[in-house]
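Quick note, the sequence shown lines up with residues -22 to -1, 1 to 198 if you use mature numbering (1 follows the signal peptide of the UniProt record, and there is no 0).
Just so it is clear, CB atoms sit at the ideal spot from N, CA and C, and this is done for glycine as well.
To start, the structure itself, in structure tokens.
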Amino acid sequence: MRLEIFFSLAALAPSLLLSVAADCVKFRTNGFRAASYDYYRFYDFRNLREIQNVLTFLPSTQKARTFSTVPWKAGWEARSWLSPASQTHGVDVQYTPSQMYISRNTGIPQDPLTYLTLRTTRLSKQTQLAAELNYMERDVTHASIRLSGRVRGTSGAVAGFFTYRNDTVESDIEILTRDPASQVRYSNQPTEDPNTGKSIGGLMFNRSATHKTTPEWKCL
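Structure (structure tokens):
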């Protein structure tokens, strides 16, 4: 099984971020529920010079220049950890930085030249390799997140945003490869009983219609 997530979001030049920070003290969105925010972060992977199309697995310690520079390094961490198999999930999942890289667009001409890829692959020994990014800032009360991306792959994988209040309180936005292309899942965790694997009612909400949210940022 293979899954790739394509992001059109990544590291702007530090000078641009400094310029934004110097000119603004707060930011406001004009979406359905307008709100003010103290920080604005923008990461753009659409047209990077450094391209790493990967046909074989890279060593987990290898880091590209793009992922080792500010502001990317200050904001994000490529996770490296093992999620053991459980009663409800039958395979070990090894999260490794080797499954995250910059790819060249070889498909649709009007699409950007490059994108960030997060890949998951099932190995022959029933182990799953996967990629996970952890946002480094803590104590975030509210967030407005925009992503331009694409999820594709065989049934059995998931991509999404996962937010945590603590070790037991979690809210997620998920796209499952087994679901219709237009469906997105919004859930409060846990959605399954850890002992039986059965779903807990009232915690998951599906949205089958296509949604496009494009709030604009304004400097205050």
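Cβ-based burial, A159 [other Cβ within 10 Å; buried from 16]: With fewer than 16 other Cβ atoms within 10 Å, it is exposed.
Where the alpha helix (DSSP H) containing G53 begins and where it ends: DSSP places G53 in the uninterrupted alpha helix (DSSP H) bounded by 50 to 53.
7 Å Cβ shell around V32 - same chain, five flanking residues per side excluded: Low per-residue confidence applies at V32: pLDDT is 46, beneath 50, and the placement is therefore not dependable, though the value from the model is reported in the following sentence. Residues of the same chain with a CB within less than 7 Å of the CB of V32, apart from the 5 flanking positions on each side, are Y79 in chain order.
CA nearest to the CA of K176, picked from P87, Q65, T74: Of P87, Q65, T74, the residue nearest in Cα terms is Q65.
Three-state secondary structure assigned by DSSP to Q106: The answer is strand: DSSP assigns Q106 an E or B state.
Per-residue DSSP class, three states only, for S76: Looking at S76 - three-state DSSP - the assignment turns out to be helix.
Rounded straight-line distance, which links the Cα of F139 to that of D16: In this structure, the alpha-carbon of D16 lies about 21 Å from that of F139.
Nearest-angstrom Cβ-Cβ length linking L107 and W54, presumed shorter than 8 Å: Not confirmed; about 19 Å, so no contact.
Close-in-space but distant-in-sequence residues of the same chain around A63 (CB under 7 Å, 5 per side omitted): The beta carbon of A63 lies closer than 7 Å to those of V69, D70 in the same chain, with the five residues before and after it left out.
Straight-line gap, Y142 to S102 (C-alpha atoms, nearest Å): Computed Cα separation, rounded: 33 Å.
Start-to-end residues for the beta strand (DSSP E) that takes in T127: Looking at the sequence provided, one finds Gly at residue 127 rather than Thr. Annotation for G127: the continuous beta strand (DSSP E) segment containing it runs 127 to 131.
Limits of the unbroken beta strand (DSSP E) element including F140: 136 to 142 is the span of the beta strand (DSSP E), which, as asked, contains F140.
Selected residue, minimal CA-CA separation from S58, among P87, K51, A109, P90: Nearest neighbour of S58 by Cα position, chosen from P87, K51, A109, P90, turns out to be A109.
DSSP-derived helix/strand/coil call for E148: Looking at E148 - three-state DSSP - the assignment turns out to be strand.
As assigned by DSSP and simplified to three states, the class of Q161: Here Q161 sits in coil by DSSP.
Own chain, CB closer than 7 Å to Q104, minus 5 neighbours either side, in chain order: The residues are V69.
For R124, the nearest candidate out of R116, D117, E170, I151 (CA to CA): When only C-alpha atoms are compared, the closest one is I151.
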